[in-house]
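Report on the structure given below.
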Amino acid sequence: MHNLDRLFVRRNLGFVRVASISPSLRVADVDYNVDQITAALREAQKQGVQLAVFPELCITAYSCADLFYQRRLLDAA
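The working numbering puts the sequence shown at residues 2 to 78.
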């Protein structure tokens, strides 16, 4: 790559491509949720994303409430 071309590379300019991702989720369905998160990350990578953020508790889905006390869900997560 020519030195002048390097000036205009996004990373060299101090920019970072960030994505906020809210995947489709199912309450307490860890396998499904991880598949959705992984697919979203793959797509983000194709688009040159360097930092992806997801909602908190997206592996288990936020509204698990009392399910968080069940060993099966905790182990899966």
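Positions of the beta carbon are idealized from the N, C-alpha and C atoms, including for glycine.
Top-ranked residue by Cα proximity to residue i, from the options
{"i": "P24", "options": "D67, I38 and V50", "result": "I38"}
{"i": "P56", "options": "L26, V10 and R73", "result": "L26"}
{"i": "D36", "options": "T61, L68 and R73", "result": "T61"}
{"i": "V54", "options": "R43, L14 and I22", "result": "I22"}
Contact check, residue i vs residue j, beta carbons under 8 Å
{"i": "M52", "j": "V17", "result": "For clarity, residue 52 is Leu in the given sequence; the question names Met instead. Against a cut-off of 8 Å, the Cβ pair of V17 and L52 comes out as a contact."}
Expected contact under 8 Å - CB spacing of residue i and residue j to nearest Å
{"i": "A20", "j": "A45", "result": "5 Å"}
{"i": "L74", "j": "A29", "result": "6 Å"}
Proximal residues to residue i (C-beta, below 8 Å), its chain only, five neighbours per side dropped
{"i": "N34", "result": "P24, L26, R27, C59, I60, T61 and A62"}
{"i": "V31", "result": "I60, T61, L74, A77 and A78"}
{"i": "Q48", "result": "R18 and A20"}
{"i": "L68", "result": "V28, A29, T61 and L74"}
Same chain only: Cβ atoms within 6 Å of residue i, ignoring 5 sequence neighbours per side
{"i": "V50", "result": "R18 and A20"}
{"i": "Y70", "result": "none"}
Sequence-distant residues of its chain with Cβ nearer than 7 Å to residue i (five each side left out)
{"i": "S64", "result": "V28"}
3 or more residues per run - each beta strand (DSSP E) lying fully within the stretch 16-45: Complete beta strand (DSSP E) runs here, min 3: 19-21.
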